[in-house]
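**Student:**
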Amino acid sequence: MPDFSNVELIARQLLGGLWISVQIFVLTLVFTFPFGLVVALGRMSRNAVLRNVTRIYVSVMRGTPLMLQLLVVFFGPYYLFGVSLRNYPPFVAVIVAFVLNYSAYFAEIYRAGITSIPVGQYEAATVLGYTKAQTFFKIILPQVIKRIVPPVTNEVITLVKDTSLAQVLAVQEMFTIAKQLANAQSSMVALVVAGVFYYVFNFVVALVMERIEARLDYYR
Amino acid sequence: MAVLRIENLHKSFGTLDVLKGLSLSVEQGEVVAVIGPSGSGKSTLLRCATLLETMDRGTLAFGDSVVAREGADGRSVYVGKNELRQVKALFGLVFQNFNLFPHYSVLKNIIDAPICVQRRRPDEVREEALALLDKMGLKSKADAYPFQLSGGQQQRVSIARALINHPEILFFDEPTSALDPELTGEILKVIRQLAAEHMTMVIVTHEIDFARNVADRVVFMAGGVIVEQGRPADVLDHPQQERTRAFLAKMSSVNP
Ligand SMILES: Nc1ncnc2c1ncn2[C@@H]1O[C@H](COP(=O)(O)OP(=O)(O)O)[C@@H](O)[C@H]1O
Ligand SMILES: [Mg+2]
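Protein chains in written order, with the working numbering: chain L, 1 to 220; chain G, 1 to 256.
1) Can you pull the chain G neighbours of L:Y218, defined as C-beta to C-beta under 8 Å?
2) Using a Cβ-based criterion (distance less than 7 Å to any ligand heavy atom), does G:T44 qualify as near ligand 1?
3) Please identify the residue among L:A104, L:L50, L:L14, L:L207 whose C-alpha is closest to the C-alpha of L:L66.
4) By DSSP, does G:A72 sit in helix, in strand, or in coil?
5) Would you mind sorting G:D180 into buried or exposed? The rule is 16 or more other CB atoms within 10 Å of its CB.
6) Which residues share a DSSP beta bridge with G:G230?
7) What residue range does the beta strand (DSSP E) around L:I95 cover?
8) Since G:V204 is in the beta strand (DSSP E), which residue starts that stretch and which ends it?
9) Find the nearest neighbour of G:V279 within the set G:D237, G:M55, G:L24, G:V34, judged by alpha-carbon distance.
10) Could one say the Cβ of L:E123 lies closer than 8 Å to chain G's Cβ atoms, at least one of them?
11) If you draw a straight line from the C-alpha of L:M61 to the C-alpha of L:V92, how long is it?
12) Nearest to G:A49 by alpha carbon, out of G:K250, G:R126, G:E207, G:L90?
13) Just to confirm before moving on: does the CB-CB distance between G:V157 and G:N213 stay below 8 Å?
14) Which chain L residues are close to G:A160, counting only those with a beta carbon under 8 Å from its beta carbon?
15) Let me check you understand the geometry: is the CB of L:E123 closer than 7 Å to at least one non-hydrogen atom of ligand 2?
16) Between the region 110-125 of chain L and the region 159-176 of chain L, do three or more beta carbon pairs fall short of 8 Å?
17) Please state if the CB of G:R217 and the CB of G:V77 are separated by a distance shorter than 8 Å.
18) For G:D112, I'd like the list of residues in its chain whose CB is within less than 7 Å of its CB, leaving aside the five on either flank, ordered along the chain.
19) Short of 7 Å in beta carbon distance, which residues of its chain neighbour G:E27, apart from the five on each side in sequence? Order them along the chain.
20) If we cut at 8 Å on Cβ distances, does L:T126 have a partner in chain G?
21) Just to check, is the beta-carbon of L:E108 closer than 7 Å to a non-hydrogen atom of ligand 2?
22) Are G:G36 and G:M221 closer than 8 Å when you measure CB to CB?
23) Would you kindly work out how many angstroms separate the C-alpha atoms of L:N52 and G:S12, rounded to a whole number?
24) Of all the residues that make up the region 82-95 of chain G, which are near chain L by a beta-carbon distance shorter than 7 Å?
25) In its own chain, which residues sit with a C-beta less than 6 Å from the C-beta of G:S25, not counting the 5 before and 5 after it?
26) May I ask which residues mark the beginning and end of the alpha helix (DSSP H) holding G:A131?
27) How about G:V225 and G:A162: are their beta carbons less than 8 Å apart?
28) To be precise: take each residue of the region 126-158 of chain L, compare its Cβ to all Cβ atoms of chain G, and keep it if any distance is under 8 Å. Which residues remain?
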């Protein structure tokens, strides 16, 4: 019979980890939204070098495990340049690796969204005298955002779960703590509670995304 | 002075020569209907005139604003970016597929460019747009979104959008071709009204009867050149060229 007597204590410790997980989640998204767009524009650039560099970048990021990328981003600088790790907190490496990885996926989502906008939208804007920047930010991007909400929701939900990978760099996020507690107590309870927390986290995320989708539903 | 002056326009896509030295001048208040078989370069002509395509060779001018002239090697040389943007206030283009911005309300579709591009006063533009919508019979639709409108209504909004900057000339590329037959009438009526107000217009159309009724001049294009042009009664009822006759015969058999 598993021991549930100290669930409250476990939950309190996990909440500390959850806070770190939320930080990873939010920071990753804050940087990924713009950086993914930049990568997408590179993918569609007229410049062949830029196009190929971003294409290879996306291919590598999507073709290798995120866990491996975390290790490379954290230990890579040391092995490559002999740089000391003392001023390089694992948390920073986690954010960098997550942003690099998720930007590749977001770039492809943006790219699909941008290419799905009919060319007539650009032409109408051009004839009306909008600059290229105005056309993109006023006319194209808002329509792209509406179209990409469903695939972005998928990525965002995956990101909630992927924050647990930060454990490979011993960042004290929720899963790291849950595993430590489970080991110390020789009990699954901490892991089960962590699972519930992840589920609630994602429930909230899905709710927010649904709200966003509904708010963009005023036009077709 | 001609509102629009195109001289010796050449345009090719790769090895495909689409326009082969075409010249067209349109006078103030004139309504020109452009007819011709599909693929003859009618859209390309309008796209060159509205700066959506760059001409390979030739001259383009709106009134006394020369947009492109032939350089020493014969190729078109365009004026600078800023001048081009200013020239865009001189004309309007109405597309076959309307191309309204779906995320903007009807009103915003019309007023956004004048406010954000031409930097006109918002309250003045707004008032004018509402008057235009009223004229188009769409006053109640100002706050609607394009998807809530019929094709005919969307096209009328796009005409209002093209009119808001008081263009010197309005181009139409098959404005009724994407519409159900019962909706073409309302667009033709609007164009007829604009003609009565002496709006200068170049209209690419397949509606031969409409061209006959509304146009001052009919231009028949084929193979990237103007084959024949003149008063509607002359071109449509007594065509001089064999290609014109063949085209009109085909049109009347398709569309009796
Ligand atoms: N952007 C383009 N690239 C390549 N070919 C084009 C392009 N635009 C038009 N064309 C070709 O030019 C020819 C004339 O087209 P268009 O001007 O649209 O004719 P129309 O409007 O009279 O039907 C067609 O053969 C068309 O396929
Ligand atoms: Mg055409």
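For every residue, glycine included, the Cβ atom is placed at its ideal position computed from N, Cα and C. Small disclaimer: the values here were computed from a predicted structure and weren't measured.
**Tutor:** On the basis of the supplied data:
1) Y145
2) yes
3) L:A104
4) coil
5) exposed
6) G:V218
7) Unbroken run through L:I95 is the alpha helix (DSSP H), 90-115; no beta strand (DSSP E).
8) 201-204
9) Since the first residue shown for chain G is 1 and the last is 256, residue 279 of chain G is missing from the structure and cannot be characterised.
10) yes
11) 18 Å
12) G:L90
13) no
14) What G:A160 touches in chain L: nothing, since even the nearest Cβ is about 12 Å away.
15) no
16) no
17) no
18) Y104
19) A2, V3
20) yes
21) no
22) yes
23) 30 Å
24) R85, K88, A89, L93, F95
25) A2, R5
26) 122-135
27) no
28) T126, V127, L128, G129, Y130, T131, Q134, K138, I139, P142, Q143, K146
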